[in-house]
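Chemist:
There are 2 protein chains.
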Amino acid sequence: MNVGTIGILGVGAVGGSIGLRARRNGLRVLGADVNDSALTQAFAAGAIDARAGADEMAGQVETYVIAAHLEPTLREIERLRGGAVKGPALIIDVSSVKVPVAQAAAGLRNFVATHPMAGTERSGISAARPDLFEGRPWAYVPSGDRELDERAGSFIETMGAVPFAILADEHDLAVALSSHVPQLVASCYAEIVASSDTVARQLRGPVACELLRISGMSFDMWRDVFQANAGNIERPLRFLGRELQRVADALAEDDIESIRPLFG
Amino acid sequence: MNVGTIGILGVGAVGGSIGLRARRNGLRVLGADVNDSALTQAFAAGAIDARAGADEMAGQVETYVIAAHLEPTLREIERLRGGAVKGPALIIDVSSVKVPVAQAAAGLRNFVATHPMAGTERSGISAARPDLFEGRPWAYVPSGDRELDERAGSFIETMGAVPFAILADEHDLAVALSSHVPQLVASCYAEIVASSDTVARQLRGPVACELLRISGMSFDMWRDVFQANAGNIERPLRFLGRELQRVADALAEDDIESIRPLFG
Chain A
0 MNVGTIGILG
10 VGAVGGSIGL
20 RARRNGLRVL
30 GADVNDSALT
40 QAFAAGAIDA
50 RAGADEMAGQ
60 VETYVIAAHL
70 EPTLREIERL
80 RGGAVKGPAL
90 IIDVSSVKVP
100 VAQAAAGLRN
110 FVATHPMAGT
120 ERSGISAARP
130 DLFEGRPWAY
140 VPSGDRELDE
150 RAGSFIETMG
160 AVPFAILADE
170 HDLAVALSSH
180 VPQLVASCYA
190 EIVASSDTVA
200 RQLRGPVACE
210 LLRISGMSFD
220 MWRDVFQANA
230 GNIERPLRFL
240 GRELQRVADA
250 LAEDDIESIR
260 PLFG
Chain B
0 MNVGTIGILG
10 VGAVGGSIGL
20 RARRNGLRVL
30 GADVNDSALT
40 QAFAAGAIDA
50 RAGADEMAGQ
60 VETYVIAAHL
70 EPTLREIERL
80 RGGAVKGPAL
90 IIDVSSVKVP
100 VAQAAAGLRN
110 FVATHPMAGT
120 ERSGISAARP
130 DLFEGRPWAY
140 VPSGDRELDE
150 RAGSFIETMG
160 AVPFAILADE
170 HDLAVALSSH
180 VPQLVASCYA
190 EIVASSDTVA
200 RQLRGPVACE
210 LLRISGMSFD
220 MWRDVFQANA
230 GNIERPLRFL
240 GRELQRVADA
250 LAEDDIESIR
260 PLFG
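Read top to bottom, the protein sequences are chains A and B. For the first sequence, position 48 matches number 47 in numbering that gives the first Met the number 0, and the numbering has no gaps at all. For the second sequence, position 164 matches number 163 in numbering that gives the first Met the number 0, and the numbering has no gaps at all.
1. Are at least three pairs of beta-carbons, each pair with one atom in the region 223-241 of chain B and one in the region 67-84 of chain B, less than 8 Å apart?
2. Isoleucine 271 of chain A CB to nearest chain B CB: under 9 Å?
3. Hey, how far is the Cα of isoleucine 215 of chain A from the Cα of arginine 203 of chain A?
4. Our contact map puts valine 10 of chain B next to leucine 38 of chain B with C-beta atoms below 8 Å; I'd like the distance itself, whole angstroms only.
5. Return the CA-CA distance between glycine 264 of chain B and glycine 143 of chain B, expressed in angstroms with no decimal places.
6. At which residues does the alpha helix (DSSP H) containing aspartate 54 of chain A begin and terminate?
7. Decide yes or no for the touch test of the region 116-128 of chain A against the region 1-16 of chain A: beta carbon pairs closer than 8 Å, at least 3 of them.
8. May I ask you to list, following chain order, the residues of the region 203-214 of chain A that have a beta carbon less than 8 Å from some beta carbon of chain B?
9. Quick one: using the 10 Å Cβ neighbour count with 16 as the cut-off for buried, is glycine 159 of chain A buried or exposed?
10. Is isoleucine 65 of chain A near glutamate 242 of chain B, with beta carbons less than 9 Å apart?
11. I'd like to check one pair, glutamate 61 of chain B with glycine 106 of chain B: are the Cβ atoms closer than 9 Å?
12. Which residues in chain A have a C-beta closer than 8 Å to the C-beta of phenylalanine 262 of chain B? List them in chain order.
13. Give me the Cβ distance between glycine 6 of chain B and glutamine 40 of chain B, rounded to the nearest whole Å; I'm assuming they're in contact under 8 Å.
14. When the Cα atoms are used, what is the spatial distance from serine 264 of chain B to glycine 263 of chain B?
15. Give the interface partners of valine 116 of chain A over in chain B, defined as CB-CB distance under 9 Å, in chain order.
16. Mind checking whether the beta-carbon of valine 246 of chain A lies closer than 8 Å to any heavy atom of the ligand PLP?
17. Since alanine 31 of chain B is in the beta strand (DSSP E), which residue starts that stretch and which ends it?
18. With H, G and I counted as helix, E and B as strand and the rest as coil, what does DSSP make of valine 93 of chain B?
19. Comparing alpha-carbon positions, which option in B/Pro181, B/Thr113, B/Arg80 lies nearest valine 93 of chain B?
20. Ordered along the chain, which non-local residues of its own chain (more than five positions away) have a Cβ less than 6 Å from that of valine 111 of chain B?
21. Interface residues of chain A around valine 192 of chain B at Cβ under 7 Å?
22. Could you tell me whether the Cβ of glutamate 55 of chain B comes closer than 9 Å to any Cβ of chain A?
23. By Cβ distance below 6 Å, which residues in the same chain neighbour tyrosine 63 of chain B in space, the five residues on each side in sequence not counted?
24. From aspartate 130 of chain A to serine 16 of chain A, what does the alpha carbon distance come to, in whole angstroms?
25. Which residue wins for smallest C-alpha separation from leucine 79 of chain A, given the options A/Gly134, A/Glu55, A/Val33?
26. Short check: CB of glutamate 169 of chain A to CB of valine 206 of chain B, under 9 Å?
27. Can you give me the Cβ contacts of alanine 51 of chain B inside the same chain, cut-off strictly under 6 Å, excluding the 5 residues immediately before and after it?
28. For the beta strand (DSSP E) that valine 140 of chain A lies in, which residues bound it at each end?
29. Just verifying my parser: in three-state terms, what is the DSSP assignment at isoleucine 7 of chain B?
30. By Cβ distance, which residues of its chain are closer than 8 Å to arginine 237 of chain A, with the 5 residues on each side in sequence left out?
31. Would alanine 49 of chain B be called buried (16 or more neighbouring beta carbons within 10 Å of its own) or exposed?
32. Going by other Cβ atoms of all chains shown within 10 Å of its Cβ, with 16 needed for buried, is serine 217 of chain A buried or exposed?
33. Show which residues of chain A have a CB atom less than 8 Å away from the CB atom of aspartate 253 of chain B.
34. With DSSP as the reference, please indicate the residues paired to valine 60 of chain A in a beta bridge.
35. For arginine 108 of chain B, which option in B/Tyr188, B/Ala101, B/Val100, B/Lys85 has the closest C-alpha, if you only look at C-alpha atoms?
36. Do arginine 20 of chain A and isoleucine 47 of chain A have their beta-carbon atoms positioned less than 9 Å apart in this structure?
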């Protein structure tokens, strides 16, 4: 293990941002990625010092960051658990659903499940920025090992973010409401705007802009998240759908006053 | 009529912003408001040069801006139609539904119905900014009198905005989708977040932030708009509600792939 060295598996928007920030902090950054040209771009962007094979990287670094989508994250955790890797003083993931990660990682030494609450609708290294996490909450699931959890908290602080301890199931319930439901609302909304032949596309309010902005995100990024967190997303989404229909009824019946309680 | 003088009825966020910008452009700005302390604040904020009574203001100014909510706007149009005011070379309103305004103003000399697509979730003069309209579309309903419409377009340009000609009914359909539906979605979403006991409030994504931001708007500001535009809002709102329920069903049935088409 080389003190002051960090390994990042997956040099996309989040992994690349971690690399840029870590290098700015004076760390040596190794990068691994299934996509070779992503590594070349990450190196050119200054997000990594050198590439490494995923196989050996974990054995060389002090901090190991799995910066992949949910499914590859679970596979990597499986691989690390099966292997003889003793290396990193801290292993974290950054995927957006924590119950399956915490379950998969049971018994994996020095692992802390985390989730930075920052992101971008764009993916890939071109969306990486060293200040992506600045001032944003970064959730982590306490492992029960206080020293390890402090290491995770310190790492999060070096990224400019604010550590936020939360249980895995509580996290997944919270992000269903704060992130996954809004994403699905945005996608459904964008579908309606796209199918309308009005000039709504030009006459956008700020919320419409924001909804249409994130509606452009890739389904492949979200697929596993929706599947893994379906149980938490379904209920508020159904409730929201029913509320909107109730409001539509109120409008149809000229019963506008019944909407008032929605406005706090 | 005093050339280079503008009268603003209603010195709230929009009227105040028009005043700030007009004064920066070298115009003399008169302000009228049912609320006396609003006028004092507008004067202190530099948004008006002097107060005037609404009754005489229209007779003194070159441009007369009705910067009020929908119902008082309709009342003012009624008053101007009934009166002997011959003054202003241009009268505009800035309310957010145009069909009832265009109907009410039929025959009112030099009137053009308009709607700046800019705003703020805060109301009152403290939310006024001279650059509120900078680069934003500002819709207007052509009156048929080319010279008058050019005057309206020029005025909009002096506000830093981009004139956008549109028929009244087309406008109302467009803003139902681009502004009124998102507002109602935000209000319903905020209701769900408020009633949840998760930490969703802390772990907010950017869209959740935006939805919760506008959900704080006052119902009294929206009431007349929802009522006047109910016919255009109801259909897309109901469709959106049904789509969200369909997605909830897909999640419950582990049929995630059926969501894919929503992601363009």
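Heads up, the beta-carbon is just placed ideally off N, CA and C, and yes, glycines get one too.
Modeler: To lay it out plainly:
1. yes
2. Nothing can be reported for residue 271 of chain A: it is not among the residues displayed for chain A, which extend from 0 to 263.
3. First, the amino acid is wrong: residue 215 of chain A is glycine here, not isoleucine. Their Cα atoms are separated by approximately 16 Å.
4. 6 Å
5. Because chain B in this structure spans residues 0 to 263, residue 264 of chain B falls outside the shown range and cannot be described.
6. 53-56
7. yes
8. Arg203, Gly204, Pro205, Val206, Ala207, Glu209, Leu210, Ile213, Ser214
9. buried
10. no
11. no
12. Ser186, Ser214, Met216, Ser217, Phe218, Trp221
13. In fact, because the Cβ distance is near 18 Å, the residues do not count as touching under 8 Å.
14. The displayed coordinates of chain B run from 0 to 263. Any statement about residue 264 of chain B would go beyond what the structure contains.
15. Looking at the sequence shown, residue 116 of chain A is not valine but methionine. Going along chain B in sequence order, the residues near methionine 116 of chain A (Cβ under 9 Å) are Gln201, Leu202, Arg203, Gly204.
16. Within the structure as shown, the ligand PLP is missing, as the structure has no ligands at all.
17. 27-31
18. coil
19. B/Thr113
20. Ile91, Tyr139, Ser142, Ala151
21. Leu176
22. no
23. Gly6, Ala57, Pro87, Ile90
24. 7 Å
25. A/Glu55
26. no
27. Leu29, Ala31
28. Where valine 140 of chain A is concerned, there is no enclosing beta strand (DSSP E), given that its DSSP letter is neither H nor E.
29. strand
30. none
31. exposed
32. exposed
33. Gln226, Ala229
34. A/Asn1
35. B/Lys85
36. no
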